[in-house]
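Peer 1: Here's a structure for you.
Next up, the structure:
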């Protein structure tokens, strides 16, 4: 049996687990069973996909089942691209299942989570495996649907129901956009098979239209600005391990969709498509992180930061597209490698962070960081692992986030090779925005970690928090280790994605893993290089050296005392900086003049003992500009048309009469 | 043999930045004091401060976590490693290829990350002020710095400092507007990152104006010593960076003669003295800004960086 | 019998039907409307009988008889009764003024002519003209239904519409038995269902005014 | 001995008639409910035999060809499952006193008459007979809509009656016109009404005549299909009648009416001089789709909500057939079948819900998945399926229709996609409250049988993933007939 068949079996097994969970979701052992089975299957899936990626998986890579659109059948195939994304999906899935073994036991209504969790995993696997348009969209929408069910798992909260609603609408917008894209690609006769699509010839305008549609379709799922509005609502609403999957993995499936259709199926695209992507990507990166910085809800902050990271990935993809359109294959390969690496890295650290947020949620029952604080004392392991995640996502060396951003910067620096003026101006600007986003991300995660874990507890729940169970911790440890490994030896991953760039960008980076000291060198001409391993060793060495020297030569005396705080004695924990307080300077710098930010200060008159109150409302201006008109239009249309429900019979008859007369008139005039 | 000498140069460089850093700080202070018609502390005062701090006992706030105690070492290590990778008197250091300019910036960002966390660890309002403002400044300074790097990297086609220095030292480049813009930008970033006037005042503990000092308010003893040393190293790093990029001609080539190394060394000391003097003059000449005017100042660097990059594109394609 | 004469008689009768339709849409009183309707039914019966004669289709006489008996006698009488019994207001409430109604009616007739005369003249001219008139009657019946507010006048409008159908059906040469069945069917059903409804509506409401029925229009607001 | 088509056809027609007569005489609702089930089941079995029948011989009155056989099977199948549902539904109505045994006897008899009428319309090769069948089915449903004799029910029935009668009249006029067009070519008499003859000779017909005819037929039968703006009777009839009738209306009668339109579309398409029927159907379909999609938002009655959804789907189907071409026709046929199964399944669920909660008001039904997991989740599945989400059959048909439309006429796909999206939004907007949130109202377990509903959704699920090749070959064939 081929590796595709095995992977399909994995997906089928996940579906089987879902059915089983449906039947037995009220059983006590169901949680352990479902997550255990999902974990096992995902591990197998990971192994298989890595084998396929590294070319150890034999030749037969296609499977046609007699399902789906009858005259096409359901095609499933695996190539290097899908193998890479399968690995992302299954590693994320395995980690989430492991985490779920512990986290899932706190679920109030497990029967609303258990059946959909493996179904969601199966959906994601199938999307990546699908090799014809119908199977593809079927799996895609199935994935959306399963995640929708998970988003409204805690359905008693009206907020969550709304999140689910918005999510489903946006998911459907995306699916319909993809459907139209496939319609264009497949042509009126319905050649939905990807192989046939690749062979088909199409006009440049068609390809461009496909690009725009896919940008809407995959972009809305990935959370690209301006189609991101659902993401900060829906991702946090789900149980945390599902949030991790949605943010860390499902957005990557959307990236897969984008790469598959735009790079693989759509054919040659003009250079401006790269510019479009760059614009959208850098916009997402900056707006996403700014939005993240303004959040006080940890999970929502993480969700917004996903928008940022998706933006970074799209900057890489946009560069790749632009370079490819101009025939600079080596640079295209570099940009694409950067994007793919960031896909993997983001799936690691975003899952890790969501797991951490989930652990805090379990321990304290609160997602709002302004009611937390000081958790580092109560939850030492979680906080350490969460810190690792924060460092990784803030692109600090030697962790993995830095590597992919570094590669993206290197790709940006290849831009002088581009002939178009617009790109020459846009690419450095995008690079600047990328740098800005990276710096702001650092601020956002200092805020997250600092407010949540450091300082003094702001509530009794936070003061009495307990460390979470060992499954959750081991899942987080696993991901933190992966972050470190991907950070210090990225060369192996870069080599693994080389076949993908060779297929889709027309070139590959030089072999990395054979370079001395595992340094990564994107191109030998530039000579830019980075070595995470050495940096790691250096820092370890010099900090140990410092510690050793201090302890050898300096005073050992240590005394615990109340905090100095410029002489203010022991104030209440409420005097600590709050989340919004922390973000205030940055908000003043970047968001002062946006109409969406409203500060209201109600200060009591002198002598009045009333407490002063400061309220801050930050709306997403894009919601007002882009979504609200649609909502209002639908509302108005529904209201106006609704009058037709309340007509008299005579008026209804008049409608019939008028239709008849007008059709006859048409006939009289026309024919 | 070659390897050993290279290793030796690298080690020398590491030790050099460590030992020269307090000296530079002391020198700047001294010059400033003289400019203000004060006697000022001796140039070697920073060494004494650090030694005294090392000998003192550490007072740790009751609720401080391990972050608080680990951060000084990590901050110091990251800064030190970064400084060790900047060519001071010789280029082509043994380990220079393990990190380019971007990585150096990121290492400094790591140090800042931990510093900001340490500021928040005790849970005092001052720590929060400091961390929050530091991150705000960094959110502008870091991209500005990266854009400056872009400018140089686009000239040199590499982000490797040695390569940049090589290229700028070669005669072919000449004077360019964008490099000038980049230099101004880099200087602004250096001022902001090191908490110098007008961004921050390293000598004040006035609560509403301080940034860096607010974060380290709770530190004492050897922890404070590490942080002070790290701050000094960071200043040195920026000065070395500016020297290395804009006055690259004096750097000793790898494998060069001992004499060339010595010459480079001498030139390096001269550069330090020059930049230290200019810094002191600058600081004396202007006043500290309000916190919320800082974005204009640092944002200026961002604009300069972007302008430099774009101009470079223009000049390249013309 | 010359072609001209047959044509003329059929033409005359069908034209008469249209004319009576016009008469009906201008009526303001229910009784007058019923009388006009009875007249139309008589004309229809004559027309159908004429067709039966022409086509040598004796079964059409049955249709003619049905038209005469049911539509010209029983229905008007029955409706008279209902109006009296239920005490329905005898004025017809119109939606649009009679002048406008007339204009609209003329427009409809013109439309029917235009549409039907596009049919190639080689086809049976008798059928063609007949159809044009039938279409006019159908459209005028519909116009009446939509321009009147009373239930009774709407029912009459519907009946008039069916007159048009019968005219068309009988005008079609050799149209199989289906027509008779369906015509009988519709008269039967019309009576049956309307009777049931009138009965039920009587049971629940005190008026057959459709407006009262319309008080509930699907969903309450 | 070869099995001829007429045997099966006759059975399909005779069983309902006999059963109707028997049911009219039989007292006792339990026995009559069972007999109703039995008769419907037998009709279904008889209809299955049509698959194996020889399709070549077409009678002058009745025939079986590839187009109608599936309609018949679908019709009798849904008729059968609905009778099963009806048995458990009606008992409850009797308990609550909404119906009396006398009315129930009438109800069962009428049910069979209606099924017979629809079968007649489907098997007829004679356009007059087809008309008779549809009218029969319409009139019986009018009576059943009014069966509760409440204020609202009577008004709904009255509205249905008036609009339906006008539709009847228009369709008859169209039928007569078709005959008139045929007479000069095929001669007087029955031949002028035999569909197979009409199709064969259609190219010689006078185009002007059949143009007018088609307009009348489209509007006349379109009234039955519920195409906007001829739809007014549909939501109220669905909402106020007994739920099994709503299921049959949405699932079957609309299809049968559309089937009639299709028959005439084929005739028209065979004539080169006639106007293309496609644009007319596309326009009406899109208008219905978009209009119904917006109407879904402000619905307060759960049955009326799904009635509007039926209008929406009829719009999609009409649109698909209007577009024509192998893919769109295939999609349209599939959509028709899937919509029948799904929508009747939804009405089964809604019927149970309304009985349990004692209300049809959307606002008063909350958190169904909490109180009645089976019912609640079935409703969720139903809505997911009807909204065109996978892995259900409607998704496949919408996939085919939308993608092929976009490849051919991108501009037409815009309103299509818009309508689908708006409708999906509305359905989920309501579903969020119905199925989730804090439950309200009665939470007593229900003893009703969920089997028909589950069978329907199961079939739709299977069809969404896997279509048997026999069915596909057949669909293809029909798609070709439709041109």
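Residue numbers (the working numbering), protein chains in the order written: chain A, 1 to 671; chain B, 672 to 989; chain C, 990 to 1210; chain D, 1211 to 1693. Just so it is clear, CB atoms sit at the ideal spot from N, CA and C, and this is done for glycine as well. The structure presented is a predicted model; accordingly, all values stated were derived computationally and were not measured.
What are the partner residues of residue 1262(D), as DSSP defines its beta bridges?
Peer 2: In the fourth chain, counting from the first residue as 1, residue 1262(D) sits at position 52. Its beta-bridge partners do not exist; DSSP assigns none.
Peer 1: Per DSSP, which residues does residue 602(A) bridge with? Please list them.
Peer 2: The sequence position of residue 602(A) within the first chain is 602, counting from 1. In DSSP, residue 602(A) forms a bridge with 613(A).
Peer 1: Taking 7 Å as the threshold (beta carbon to beta carbon), is residue 823(B) in contact with chain A?
Peer 2: Locating residue 823(B) in the second chain gives position 152, counting from the first residue. No, residue 823(B) lies away from the interface with chain A (no Cβ there is under 7 Å from its Cβ).
Peer 1: Take residue 1544(D) and list the residues in its own chain whose beta-carbon comes closer than 6 Å to its own, dropping the five residues that flank it on each side.
Peer 2: Position 334 of the fourth chain, counted from the first residue, corresponds to residue 1544(D). Within the same chain, residue 1544(D) has close Cβ partners 1607.
Peer 1: By the 10 Å Cβ neighbour count, where 16 or more other Cβ atoms means buried, how is residue 928(B) classified, buried or exposed?
Peer 2: Start at 1 with the first residue of the second chain, and residue 928(B) comes out as number 257. The residue in question, residue 928(B), is exposed, as its Cβ has fewer than 16 Cβ neighbours within 10 Å.
Peer 1: Using DSSP's beta-bridge definition, name the partner residues of residue 559(A).
Peer 2: Start at 1 with the first residue of the first chain, and residue 559(A) comes out as number 559. 730(B).
Peer 1: Where does residue 1029(C) land, buried or exposed, given buried means 16+ other C-beta within 10 angstroms?
Peer 2: Your numbering for residue 1029(C) matches position 40 in the third chain. Buried is the call here.
Peer 1: Give the range of the alpha helix (DSSP H) segment to which residue 163(A) is assigned.
Peer 2: Against the first chain, residue 163(A) aligns to sequence position 163. Taken as a continuous stretch (DSSP letters only), the alpha helix (DSSP H) holding residue 163(A) covers 158 to 186.
Peer 1: Chain D partners of residue 642(A), CB-CB under 7 Å?
Peer 2: As a first step, residue 642(A) must be located in the first chain, where it is residue number 642. Here the neighbours are 1505 and 1508.
Peer 1: If you follow the beta strand (DSSP E) that residue 62(A) is part of, which residue opens it and which one closes it?
Peer 2: Locating residue 62(A) in the first chain gives position 62, counting from the first residue. Element bounds for residue 62(A): 62 to 65.
Peer 1: Should residue 466(A) go down as buried or exposed, given a rule of 16 or more other Cβ atoms within 10 Å for buried?
Peer 2: Counting from one through the first chain, the residue named residue 466(A) turns up at place 466. Exposed, by the Cβ-count rule.
Peer 1: How about residue 662(A): is its C-beta nearer than 7 Å to some C-beta of chain C?
Peer 2: As a working note, residue 662(A) is residue 662 in the first chain. Not an interface residue.
Peer 1: Relative to chain A, which residues along the segment 1411 to 1425 of chain D have a C-beta separation below 8 Å, given in chain order?
Peer 2: 1417, 1418, 1421, 1422 and 1425
Peer 1: What's the gap between the Cα of residue 1644(D) and the Cα of residue 1605(D)?
Peer 2: Reading the fourth chain from its first residue, position 434 is the one you call residue 1644(D). Reading the fourth chain from its first residue, position 395 is the one you call residue 1605(D). Rounded to whole angstroms, residue 1644(D) to residue 1605(D) spans 23 Å at the Cα level.
Peer 1: Show which residues of chain C have a CB atom less than 7 Å away from the CB atom of residue 668(A).
Peer 2: To locate residue 668(A), count along the first chain from 1; it is residue 668. Correct list: 1100, 1103 and 1104.
Peer 1: Residues in its own chain within less than 7 Å of residue 1393(D) by CB, not counting five upstream and five downstream?
Peer 2: Indexing the fourth chain from 1 puts residue 1393(D) at position 183. The residues are 1402.
Peer 1: Would residue 63(A) pass as an interface residue toward chain C - the criterion being a Cβ-Cβ separation below 7 Å?
Peer 2: Here residue 63(A) is taken as the residue at index 63 of the first chain, counted from 1. With 7 Å as the cut-off, residue 63(A) does not count as an interface residue toward chain C.
Peer 1: By alpha-carbon positions, which one of 520(A), 607(A), 448(A) and 587(A) ends up nearest to residue 404(A)?
Peer 2: Working through the first chain from its first residue, we reach residue 404(A) at position 404. Among 520(A), 607(A), 448(A) and 587(A), the Cα nearest to that of residue 404(A) is on 520(A).
Peer 1: Verify whether the separation of the beta carbon atoms of residue 1404(D) and residue 1335(D) is less than 7 Å.
Peer 2: Indexing the fourth chain from 1 puts residue 1404(D) at position 194. Indexing the fourth chain from 1 puts residue 1335(D) at position 125. A contact, by the Cβ cut-off of 7 Å.
Peer 1: For residue 918(B), does the three-state DSSP call read helix, strand or coil?
Peer 2: Here residue 918(B) corresponds to residue number 247 of the second chain, with the count starting at 1. Residue state, collapsed to three classes: coil.
Peer 1: Suppose only complete runs of 4+ residues qualify. What are the alpha helix (DSSP H) ranges in the segment 1348 to 1405 of chain D, listed by chain order?
Peer 2: 1361 to 1396
Peer 1: DSSP state of residue 1188(C), grouped into three classes?
Peer 2: In the third chain, residue 1188(C) corresponds to position 199, counting from 1. For residue 1188(C), the predicted structure reports a pLDDT of 48, less than 50, and the residue's modelled location is therefore unreliable. The matter cannot be settled from this model.
Peer 1: Check the Cβ of residue 300(A) against every Cβ in chain D and list those closer than 7 Å, keeping chain order.
Peer 2: By 1-based counting over the first chain, the position of residue 300(A) is 300. Those do not exist, as residue 300(A) stays about 20 Å from chain D at its closest Cβ, beyond 7 Å.
Peer 1: Which residue's Cα is closest to the Cα of residue 720(B): 946(B), 782(B), 678(B) and 898(B)?
Peer 2: The residue labelled residue 720(B) in the question sits at position 49 within the second chain. It is 898(B).
Peer 1: Using the Cα positions of residue 654(A) and residue 662(A), report the straight-line distance between them to the nearest angstrom.
Peer 2: Indexing the first chain from 1 puts residue 654(A) at position 654. Indexing the first chain from 1 puts residue 662(A) at position 662. Distance between the alpha carbons of residue 654(A) and residue 662(A) is about 12 Å.
Peer 1: Establish whether the CB of residue 659(A) and some CB of chain C are separated by less than 7 Å.
Peer 2: Residue 659(A) sits at position 659 when you count from the first residue of the first chain. Residue 659(A) does not count as touching chain C.
Peer 1: Assuming residue 1273(D) is part of the beta strand (DSSP E), what are its boundary residues?
Peer 2: Locating residue 1273(D) in the fourth chain gives position 63, where the first residue counts as 1. Segment: none, residue 1273(D) is in no beta strand (DSSP E) and carries neither H nor E.
Peer 1: Just checking: is the beta-carbon of residue 436(A) within a distance shorter than 7 Å of some beta-carbon in chain B?
Peer 2: By one-based count along the first chain, residue 436(A) stands at place 436. Chain B contact via Cβ: present.
Peer 1: Could you tell me which residues DSSP pairs with residue 1083(C) in its beta bridges?
Peer 2: Within the third chain, the letter at position 94 stands for residue 1083(C). According to DSSP, residue 1083(C) bridges with 1137(C).
Peer 1: Any beta-carbon of chain A closer than 7 Å to the one on residue 1013(C)?
Peer 2: To locate residue 1013(C), count along the third chain from 1; it is residue 24. By this cut-off, residue 1013(C) is not an interface position.
Peer 1: Listing by chain order, which chain A residues have their CB less than 8 Å from the CB of residue 1132(C)?
Peer 2: By 1-based counting over the third chain, the position of residue 1132(C) is 143. Residues of chain A passing the Cβ test: 657.
Peer 1: Roughly how many whole angstroms lie between the Cα atoms of residue 112(A) and residue 1586(D)?
Peer 2: Along the first chain, one-based indexing puts residue 112(A) at 112. Along the fourth chain, one-based indexing puts residue 1586(D) at 376. Rounded to the nearest angstrom, the two C-alpha atoms are 13 Å apart.
Peer 1: Using a Cβ-Cβ cutoff of less than 6 Å, which residues in the same chain neighbour residue 1268(D) once the five nearest sequence positions on both sides are dropped?
Peer 2: Walking along the fourth chain from the start, residue 1268(D) turns up at place 58. Hits under 6 Å: 1335 and 1406.
Peer 1: Smallest Cα separation from residue 1142(C): which of 1081(C), 1008(C) and 1105(C)?
Peer 2: On the third chain, position 153 is the one that residue 1142(C) refers to. Ranked by how close their Cα comes to the Cα of residue 1142(C), the residues 1081(C), 1008(C) and 1105(C) have 1081(C) in first place.
Peer 1: Are the CB atoms of residue 457(A) and residue 373(A) nearer to each other than 7 Å?
Peer 2: As a position in the first chain, residue 457(A) is number 457, starting the count at 1. As a position in the first chain, residue 373(A) is number 373, starting the count at 1. Yes; because the gap between Cβ atoms is below 7 Å, this pair is in contact.
Peer 1: Note down the Cα distance separating residue 292(A) from residue 1529(D), rounded to an integer number of angstroms.
Peer 2: Residue numbering aside, residue 292(A) sits at position 292 when the first chain is read from its first letter. Residue numbering aside, residue 1529(D) sits at position 319 when the fourth chain is read from its first letter. Spanning the two alpha carbons is a distance of roughly 45 Å.
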